[in-house]
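Note sheet for the following structure.
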Amino acid sequence: MEHQENVWDLEYGERGTKWSRRRLAFPVSFEGKVVLEAGFGDGKTLSSIIEKRPANVVAFDFSAVALERCREAFRDLKNVSFVKADAESLPFEAGSFDVVVAYYILDNMLVEGRRKAVGEFFRVLRPGGFVLFEDFAVGDFREDLGKRVGMPEAHTLLKKKGLLCHYFSVEEVRELLSDFSNVEAGLKERKPVRNRPELVRRLVSAVALK
Ligand SMILES: C[S@@+](CC[C@H](N)C(=O)[O-])C[C@H]1O[C@@H](n2cnc3c(N)ncnc32)[C@H](O)[C@@H]1O
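With my numbering, letter number 111 in the sequence shown gets 119, and the count goes up by one each step, no holes.
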């Protein structure tokens, strides 16, 4: 299986940057906090994070192409820094962050990788810090669209260009975050295509306390 870092570099190289105007609301305040964003990609979630007045944001991704683009796009922001790193082994000290935001990164990993990454999020959070999670859920319309070339694990598609995409259940997310306390996890559903009500986007989101 192709290393996901190379797959993402190729993906960003081919498709360019997709900006979204959608502004996200988060379940905890970022005001005055030190926030880590895991897998910043083309900066969609990051642009919502910085509007919530954090003291500092450190954003990491293992894609060199994503890094170069976001460094350029966000160059005027003095309180945001970008780091090339793998979620499974983070170059940060234990207890350095108040909040970790992990949106649409863990779906790119197999189960072992997801566990290691969540272990790293736990390590780098200070006691009393929060992890925020959002990702695709089992039953999302894309899970069944047939663009897969393989399925290395249950609910994990291997797509044409080698991209992994895992679909989570709420129970699985609770289990993944079981070292944290006060885990709140739930399903969200929306219908992204106006004339196609049968296409349902399903997401799992969660917030948990260290
Ligand atoms: C779908 S994008 C998500 C972008 C962003 N989190 C957002 O919500 O807008 C997934 C990103 O995670 C990165 N990624 C996947 N696995 C990673 C890993 N193990 N370590 C670091 N980055 C990773 C990919 O390079 C890609 O840029």
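Glycine included, every Cβ here is placed at the ideal spot set by N, Cα and C.
Leu140, enclosing beta strand (DSSP E) - first and last residue: 133-144
Is the closest heavy atom of ligand 1 to the C-beta of Ser71 under 6 angstroms? yes
So, helix, strand or coil for Leu98, using DSSP? coil
Which of helix, strand or coil does DSSP assign to Ser213? strand
Decide if Asp106 is buried, meaning its Cβ has at least 16 other Cβ atoms within 10 Å, or exposed. buried
What did DSSP end up calling Asn116 once you bin it into helix, strand or coil? helix
Spatial neighbours of Ser104 within its chain, please: C-beta separation below 6 angstroms, excluding the five flanking residues on both sides. Val132
Since Ile58 contacts Leu85 with CB under 8 angstroms, what's their CB separation in whole angstroms? 6 angstroms
Taking 8 angstroms as the threshold, find out whether the stretch 111-123 comes into contact with the stretch 36-55 through three or more Cβ pairs. yes
Could you tell me the alpha carbon to alpha carbon distance between Glu101 and Phe129, rounded to whole angstroms? 11 angstroms
Is it the case that the Cβ atoms of Arg210 and Glu197 are separated by a distance below 7 angstroms? yes
Cβ-based burial, Val65 [other Cβ within 10 Å; buried from 16]: buried
Unbroken alpha helix (DSSP H) run spanning Tyr20, endpoints: 12-23
Does at least one heavy atom of ligand 1 sit under 6 angstroms from the Cβ of Asp187? no
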